[in-house]
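Down below is the structure, laid out as structure tokens.
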Amino acid sequence: MLDRIKQVETVARLLEPHADEREVLRSNVIRYTEQFLNSIYNIPAYIVTDDKGKGIYDSPISEEPIDIHTALQLIKHNVDRPGLNPASGGHLAYIPGGGIYASALGDYLADVMNRYAGVFYASPGAVRMENMLLEWIAEIVGYPKNSAGNLTSGGSIANLIGIVAARDALGVKAKEIPSSVIYLTNQAHHSVDKAIRTAGLGECILRYVPMDNRYRMDAAALERMIVEDKKAGCRPFLVIASAGTTDTGAVDPLTAIGDIAHAHEMWFHCDAAYGGFFALCDEGKKILKGMDTSDSIVMDPHKGLFLPYGTGAVLVKDKKNLYDSFRYQANYLLDARQSSDEHSPADLSPELTKHFRGLRLWLPLKIHGIKPFRACVEEKLWLARYFYEKIQNVNGFEIGCYPDLSVVTYRYIPKRGDANEFNQRLIQEVQNDGRVFLSSTRLNGTFVLRLAVLAFRTHLQTIDLALKILKEKAKLLEEEA
Ligand SMILES: *Cc1c(COP(=O)(O)O)cnc(C)c1O
Numbered sequence: 000m001l002d003r004i005k006q007v008e009t010v011a012r013l014l015e016p017h018a019d020e021r022e023v024l025r026s027n028v029i030r031y032t033e034q035f036l037n038s039i040y041n042i043p044a045y046i047v048t049d050d051k052g053k054g055i056y057d058s059p060i061s062e063e064p065i066d067i068h069t070a071l072q073l074i075k076h077n078v079d080r081p082g083l084n085p086a087s088g089g090h091l092a093y094i095p096g097g098g099i100y101a102s103a104l105g106d107y108l109a110d111v112m113n114r115y116a117g118v119f120y121a122s123p124g125a126v127r128m129e130n131m132l133l134e135w136i137a138e139i140v141g142y143p144k145n146s147a148g149n150l151t152s153g154g155s156i157a158n159l160i161g162i163v164a165a166r167d168a169l170g171v172k173a174k175e176i177p178s179s180v181i182y183l184t185n186q187a188h189h190s191v192d193k194a195i196r197t198a199g200l201g202e203c204i205l206r207y208v209p210m211d212n213r214y215r216m217d218a219a220a221l222e223r224m225i226v227e228d229k230k231a232g233c234r235p236f237l238v239i240a241s242a243g244t245t246d247t248g249a250v251d252p253l254t255a256i257g258d259i260a261h262a263h264e265m266w267f268h269c270d271a272a273y274g275g276f277f278a279l280c281d282e283g284k285k286i287l288k289g290m291d292t293s294d295s296i297v298m299d300p301h302k303g304l305f306l307p308y309g310t311g312a313v314l315v316k317d318k319k320n321l322y323d324s325f326r327y328q329a330n331y332l333l334d335a336r337q338s339s340d341e342h343s344p345a346d347l348s349p350e351l352t353k354h355f356r357g358l359r360l361w362l363p364l365k366i367h368g369i370k371p372f373r374a375c376v377e378e379k380l381w382l383a384r385y386f387y388e389k390i391q392n393v394n395g396f397e398i399g400c401y402p403d404l405s406v407v408t409y410r411y412i413p414k415r416g417d418a419n420e421f422n423q424r425l426i427q428e429v430q431n432d433g434r435v436f437l438s439s440t441r442l443n444g445t446f447v448l449r450l451a452v453l454a455f456r457t458h459l460q461t462i463d464l465a466l467k468i469l470k471e472k473a474k475l476l477e478e479e480a
């Protein structure tokens, strides 16, 4: 047995490279990322390749190692080249992501130290760091000290946590589900629908509230529907509003919705995954007024704080509701249950073991300060408005509604032929060009183009480039027709 232990130990120790080996690994990775960062303003936002990253299969997972250089080449050709480049400022589609460098270093630290951020006693400092960040987010929202929250993997899980807390706080039991009513608009993010189903609420009555001509929930209609449903013997229990819809960036009338929900003893869940952090600047704060009237809220640091993918946040106004839904006891964790005033993330979410997400948020906030984050979200609001002003003066373009936040919709009206078809070809041309990446959606059956400004590398010159490309491609397609 001892022989075998020593034999496997020799191989097992390969998992721990020596200092000089670490230096080789690290310098290769740094050289690779520096090349990327030094060319980030010149590489396309979107690249179509024939192989679509298929080469990754040519090097199967096997017993034998490859060197770091070969590994990086595989990543370069198969992962970092084909498709959308979310690190590019030219990413003006969907809701752009971030990728600030200080977060990557935060992840590096978190991963090397591998602190266990799930339970207070295991890493009190890590847990305090996350709780401090959640308190900071609660302050931005305007939530009281008695709130609690969780750093999640993203907005989808954050929505799930908020909706589960609503279900339990209002005591919606299985037999009441068919007569319980949830109100939302058809502009709510699809992760909300998914969360409703995942929470076992798929058989509730879903009421889609009408919207005004800027795709915002009609609060008066909401109230009428609630009253009617009550009269009919149903139980309205949850309103889900958006603070920044994905399609058009619309912000529902939050204060009015909060008032109505509470007058009828319902829960108000606010999905501010995209829009929430605009409240960092005064201009955004005005638009988002009323966020604090919600009972739970979702904000995505990997959107509005420009973090790399993998960080969402949920807050629940009364921490008791979050505990009631997610706290568990396990025998093998009894010694982890020492009394303390600090929340343990594991008591406030479905996760037990989790990535130490706090560090990738804390480090950039500390080493940059909040100021550039405020400026960056304000810049994005103005850039969207700038695009809105400019595109309506370009011949042939028709503008959608004035942007609440940083999403603008528009389309080209061709001299001849079908507008929907023309715009589909236009978006294809822009994507094939690749210098910027735009997307599209359908609003009331009409195909429209979108420009969504939230990548931290998007600046005035990016918007001017997008305008130039749209003008060029529309002209080209007109000439072809
Ligand atoms: C992005 C988004 C979500 C989903 O968040 P993920 O982080 O992608 O899981 C939910 N709601 C809105 C409004 C969003 O923009």
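Here numbering that gives the first Met the number 0 is used: the first residue of the sequence shown is 0, the next is one more, and so on.
Ideal Cβ positions, reconstructed from N, Cα and C, are used throughout, including at glycine.
Where residue 106 is concerned, the enclosing alpha helix (DSSP H) starts and stops at 100-112. DSSP lists 397 as the bridge partner or partners of residue 410. DSSP links residue 292 through a beta bridge to no other residue. The C-beta of residue 459 has fewer than 16 other C-beta atoms within 10 Å across all chains shown, which makes the residue exposed. The Cβ atoms of residue 191 and residue 158 sit closer than 8 Å to each other. Partner residues in a beta bridge of residue 381, as assigned by DSSP, do not exist.
Residue 314 is positioned such that its CB atom lies no closer than 8 Å to that of residue 373. Residue 259 has no beta-bridge partner at all, per DSSP. Remark: the C-beta of residue 353 is outside contact range of ligand 1, defined as less than 7 Å to any heavy atom.
In this structure, residue 244 has its CB closer than 7 Å to one or more heavy atoms of ligand 1.
The C-alpha of residue 2 lies about 21 Å from the C-alpha of residue 15.
By the Cβ neighbour-count rule, residue 114 is buried, with 16 or more other Cβ atoms within 10 Å of its own. Collapsing the DSSP output to three states places residue 366 in a helix. Residue 190 has its Cβ nearer than 7 Å to a heavy atom of ligand 1. Within the DSSP secondary-structure output, residue 182 pairs in a beta bridge with 206, 238. When rounded, the separation of the alpha-carbon atoms in residue 180 and residue 234 is 6 Å. In this structure, residue 252 and residue 220 do not form a Cβ contact; the two beta carbons are roughly 11 Å apart against a cut-off of 8 Å. One thing to note: residue 295 has its Cβ within 8 Å of the Cβ of residue 161. For ligand 1, a non-hydrogen atom lies closer than 7 Å to the CB of residue 273. The DSSP-derived three-state label of residue 149 is strand.
The residue among 139, 62, 467, 34 with its C-alpha nearest the C-alpha of residue 300 is 139. Remark: the shortest separation between the CB of residue 248 and any heavy atom of ligand 1 does not fall under 7 Å. Across the set 77, 28, 24, 88, the C-alpha of 88 shows the shortest separation from the C-alpha of residue 40. Pairing residue 385 with residue 402, the inter-Cα distance amounts to about 10 Å.
With 16 or more other CB atoms across the displayed protein chains lying within 10 angstroms of its CB, residue 361 is buried.
In the structure shown, the three-state DSSP call for residue 218 is helix. Set against 7 Å, the gap from the CB of residue 443 to the closest heavy atom of ligand 1 is not smaller. The DSSP-derived three-state label of residue 311 is strand. Three or more beta-carbon pairs separated by less than 8 Å are not found between the region 15-28 and the region 425-442, which leaves the two stretches without contact.
For residue 445, the uninterrupted beta strand (DSSP E) segment begins and ends at 445-451. Here the alpha carbons of residue 267 and residue 169 stand approximately 11 Å from one another. When the Cα atoms are used, residue 393 and residue 472 turn out to be separated by approximately 12 Å. Per DSSP, residue 354 has no beta-bridge partner at all. Under DSSP, residue 126 takes part in no beta bridge, so it has no partner. Residue 84 has its alpha-carbon roughly 7 Å from the corresponding atom of residue 43. Residue 222 counts as buried, since no fewer than 16 other beta carbons sit within 10 angstroms of its beta carbon.
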